[in-house]
Amino acid sequence: MKTKDVVRAQVATFVVNGRTYEELVPPNMTLLELLRDRLGLTGTKRGCSGSGNCGACTVLLDGRPVLSCLTLALLARDREVLTVEGLSTPGGLHPLQQAFLEHGAVQCGFCTPGMLLSAKALLDSNPDPTPAEVRAALAGNLCRCTGYVKIVEAVLAAAAVMRGDAAHEDREQAGGCVSW
Amino acid sequence: MVEESRPFSSVGKRYPDVTGLAKVTGTARFISDLSLPGMLVGKVLHSPHAHARIRRIDTKRAEALPGVRAVVTHHDSPSKQYTGTLMNLQSYGGIEPWGVYDTRVLEDRVRYVGDAVAAVAADDEFTAEVALELIEVEYELLPAVFSESEAREPGAPSLHDRVLRRQEDGAPGDEGVDRNLAAHVCHRPIGDVDAGLREAHAVLEAVGFTAKQKQAPLETFHCVADWQHDGRLAIWTPTQLPYLFQRMIAYIFDLPVGMVRVRNEFTGGAFGAGLSVFREPVCALLAKKSGRPVKLAYSRQEEFVDRPTRACIGPYTFRMGVTKDGAITAVDRHAVSAAGAHIECAALTSLICEAAANPLYRRGSYRAEVDAVYTNKTPCGAMRGFGNPEDTFVREQVMDMAAEELGIDPVEFRLQNLCRVGDPGPFGPDFPIPSTGMADCLRIGAERIGWGSRRDGGTNGSRRRGLGVSCMAHQSGAWPVHVEHSNALIKFNQDGSLVLSVWPASMGTNAFTSLVQVAAETLGVPFDTIRVNWGDTDTTLYEIGSHASRTMYILGQAVERAAADAREKLLSRAADQLGVAAADLDIRDGVIFAPGLPDIEMTVAEMAKRAIYDLRDVEDIVGKASFTPVTSPPPYQALFAEVEVDVETGEVEVRKMVVVNDSGRSINPMIVEGQLEGGTAQGLGYALYEDPVLDTESGRMLADDFDTYKIPCTLDMPPLETILLEQPDPTGPYGAKGVGEPGCVNQAAAIANAVYDAVGVRIWSLPISPEKVVAALKATGPSPDGAAG
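Taken in order, these protein sequences are the chains called A and B. Its first residue numbered 311, the first sequence is counted upward by one per residue in our numbering. Its first residue numbered 468, the second sequence is counted upward by one per residue in our numbering.
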């Protein structure tokens, strides 16, 4: 940080995962830098070079998904930020987190935080998405490990749980695997 | 070891990944998240030139910048030559005929755009980046060469003067380089290839060119180096081969191996990128000079221009002779492998490329040669499949050409030539194939894709529909070509829970989970009572690591044996406590019991506690096993693709894929599916669009982020049916074979065959871009219905 940046820095309030932070923030600091380097919330990942091409840094700003590497921290001032660390509650995992585990949607795990938050934004606005709608909502989140099959399955399964559908079948029978 | 009659308690279950909870809650720590007290940020200065000598380098202004703690150049670098490719060290001698020691940590010469010139360690990233701009470098530009054929011509620019090659005694020795020939290697020929080709009814010939795919893990390269108070060098690295990495770092820095401590955190993908020492030594130099821990952090652009890619093979000349009734008389192959600026994996990958089909099709005779050639391009390292997708792309098209020539259905032609149990395996007749489900893979896949109706695919406006098939065989570890040694140690905690000490790569293959399932099954304890210790050469036993689809097959057997050892010791101690013979005891669901004797029972937890606190008999219960395999059973796979090709635009749309895979018994079917589905996405990108385009004037890589180098996203994935054959291999742990690499091997070939089926043109270079399809259609002239004109 250069001296002139410090001079122009502003004290700003952020609400991250329900907790209020007051921080001295230079004007060129990104939301990703604020979260990772200042607040120690390293669950939000950096996968490209601040170009918005990979989606790993996706967080929710007032409930809408944003690329935190392309969002200046001061734009999040006085607004609510949700990161992967705020997804679960003391009562347990968010249905999306649970479904990602049960459906094998996690391999290396580096895209997982951004993927979960894009999926949450979708389900909050569209509780009963079609597979095509899930794929469209996650198109900006790259994953190199899974081929997305189990990620899409997991989001659809979580949607069913969140709607309270009783009909989420037993994995052993519903899985994509056919044994011969 | 556990009788098959009893239903499995853990094996075969779709358990969630043991690392998953940390990953879905954002608490999983990756190297890019790591922070040590006093840690600095390291940045590398990359060459803007494809080939230059560094005449002068002045770091004074950079060093004077506040916050800069160290600047290193070739003046600080060890002069020793080494190679990044760690598989060289998978032997006693430490250098192989396909490996050349042609690399230094930093040199007074740069050989590709993006090569490392110098590096800075500073208080923060911003300061480090400003400091890079203050380093003054005077380059003497040298002529550069980007084509392998030009590089072999007399008078071409020479990349390397002297390198170290394997000598007769197995040690490295100094040699010159003949016109950029990094290495010439070959397989021992089998049979008389010339006679086989002469006597064939037909000889099919093709020349293929593959693409320099990027592994593109979502986490870019990060490492941390820290010289400890006792003079030891600790390095956190995304390596897949930790103990070979330890040996190579010790070699580079002239340290006893024990003075290097290799550490690991979760790795955000590797796909082969972790098989080489990369810029970790630069980080170690910065840490040494600054006296502080340093984290070297690569941007996505740096990852693209500097980190070694998949091997790039071409021209790959492939000739195959067949008899009138469809037997293969001979296969003759020659590969030119684009090494780039250093040999890295170029020659080894091509050797594997040419051996990939050994356990797949029977052949009368066989010959294969490789020339790996230096040019001023980013080196070719390792990527998943390691030569197999390259060979398969060409071989499986030639198989279709032969079937057409002979008037045999492509599936029938393949079925007719498949290797059987007892035929020579991946590494020759001394290691026969113990199991194969290849024929079933083909038959089931053909049925699921609707192969019988393939010629009725039809048209849809300017689009033509086609079906294609490809088969592959791979390996389960590289034994006996390499040392393939794994260790596992399992200990009981005082509450009866366990810690399994192993070190498969932490790159996201979910191998930790499958290994825990094997241990839980063998011991008779619940899956969720076992945790994994990994990531530190001080606290784990020697391990080769994860490559060559070895982890489940080889480390899995080490774990099975370590768990059996622990079980035996546990039961022997319990027998004393319970007053019965150990042979009469069994363990199920964490309870030790004597079948038929209802009063004899004790929990594993109780026994573990007594092992420590019962003063009559104190000794912690620990199971351990060292394991080296005696064979390498090939996993098999058939992939069927349905495509639509637009004859006006050349666009290829994959409409459906069916993958039928034989990796023996799945320890965890969900994980096996995940490997195959993820591999399919990588293979799809490789087939259709992944191509880091090089500016052949400057040598600059034009694709350097995900907007210019596309990897598949959710919208690119076609409907995919993944079928697991589940035929146990007689040699594997609970019948498992390798599964890491088969996923990405077949796509390019199956799609190329489907394109031919749709529009009658063969594409021999990857990726199968619309431009190439249109050009091929134009070259063949208008199609009968005029649509392609």
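All C-beta atoms, glycine included, are put in the ideal place defined by N, C-alpha and C.
- Among the residues facing chain B, Phe410 of chain A is included, as its CB has a counterpart in that chain under 9 Å away.
- Along the segment 353 to 383 of chain A, the positions whose C-beta sits under 8 Å from a C-beta of chain B are Gly353, Thr354, Lys355, Arg356, Gly357, Cys358, Ser359, Ser361, Asn363, Cys364, Ala366, read in chain order.
- Interface criterion not met: the Cβ of Ser477 of chain B is under 9 Å from no Cβ in chain A.
- In this structure, the alpha-carbon of Gly362 of chain A lies about 38 Å from that of Val803 of chain B.
- The residue from A:Glu332, A:Thr440, A:Asn338, A:Leu452 with its alpha-carbon nearest to that of Thr422 of chain A is A:Leu452.
- In the DSSP assignment, the residues bridged to Glu1188 of chain B are B:Val1125.
- Not a single C-beta of chain B is nearer than 9 Å to the C-beta of Ala467 of chain A.
- Beta-bridge pairing by DSSP links Asn1000 of chain B to B:Ser968.
- Inter-residue distance for His651 of chain B and Asp645 of chain B is about 11 Å (C-alpha atoms, whole angstroms).
- For the pair Leu722 of chain B and Cys779 of chain B, the Cα-to-Cα distance works out to about 34 Å.
- The C-beta of Ala1048 of chain B has fewer than 16 other C-beta atoms within 10 Å across all chains shown, which makes the residue exposed.
- Between Ala1219 of chain B and Gln864 of chain B, the beta carbon gap of about 5 Å places them in contact (Cβ cut-off 8 Å).
- Residue-level contact by beta carbon holds for Ser766 of chain B and chain A, with a gap shorter than 9 Å.
- In this structure Val416 of chain A is in contact with Val491 of chain B, their Cβ atoms being roughly 6 Å apart against a cut-off of 8 Å.
- Using a Cβ-Cβ cut-off of 9 Å, Ala386 of chain A does not count as an interface residue toward chain B, since no Cβ of chain B sits closer than that to its own.
- Neighbours of Phe898 of chain B in chain A, taken as residues at a C-beta separation under 7 Å, are lacking, since the least C-beta distance is about 27 Å.
- Among the residues facing chain B, Gln320 of chain A is not included, as its CB has no counterpart in that chain under 9 Å away.
- Look at Tyr458 of chain A: its C-beta is under 9 Å from a C-beta on chain B.
- The straight-line gap separating the alpha-carbon atoms of Met1168 of chain B and Arg767 of chain B is approximately 13 Å.
- Under the 10 Å beta carbon count, Asn436 of chain A is surrounded by fewer than 16 other beta carbons and is classified as exposed.
- In this structure, the straight-line span from the alpha carbon of Arg998 of chain B to that of Tyr1201 of chain B is close to 21 Å.
- By the Cβ test, the segment 1080 to 1097 of chain B is not in contact with the segment 921 to 941 of chain B, since fewer than three Cβ pairs between them sit closer than 8 Å.
- By the Cβ rule, the segment 788 to 796 of chain B does not count as touching the segment 620 to 637 of chain B, because fewer than three pairs are nearer than 8 Å.
- The beta carbon of Arg481 of chain B falls within 9 Å of a beta carbon belonging to chain A, placing the residue at that interface.
- For Phe959 of chain B, the enclosing beta strand (DSSP E) has its first and last residue at 953 to 959.
- Less than 9 Å divides the Cβ of Ala1217 of chain B from the Cβ of Phe1107 of chain B.
- A Cβ-Cβ separation of about 5 Å places Ala1030 of chain B in contact with Leu990 of chain B under the 8 Å criterion.
- Under the three-state reduction of DSSP, Tyr783 of chain B is assigned to strand.
- Proximity of Ala1215 of chain B to chain A, defined by a Cβ-Cβ separation below 9 Å, is not satisfied.
- In this structure the segment 1149 to 1163 of chain B does not touch the segment 1078 to 1087 of chain B; the number of beta carbon pairs closer than 8 Å is below three.
- Within 10 angstroms of the beta-carbon of Val888 of chain B lie fewer than 16 other beta-carbons, which makes it exposed.
- In chain order, Cys1180, Thr1181, Leu1182, Met1184 make up the part of chain B whose C-beta sits under 9 Å from the C-beta of Arg445 of chain A.
- Asn927 of chain B is classed as exposed because its beta carbon has fewer than 16 other beta carbons within 10 Å across all chains shown.
- Taking a Cβ-Cβ threshold of 7 Å, the residues of chain B close to Thr422 of chain A are Lys490, Val491, in chain order.
- Burial check for Glu395 of chain A: the Cβ neighbour count within 10 Å reaches 16 or more, so the residue is buried.
- By the neighbour-count definition (other C-beta atoms within 10 Å, threshold 16), His1014 of chain B is a buried residue.
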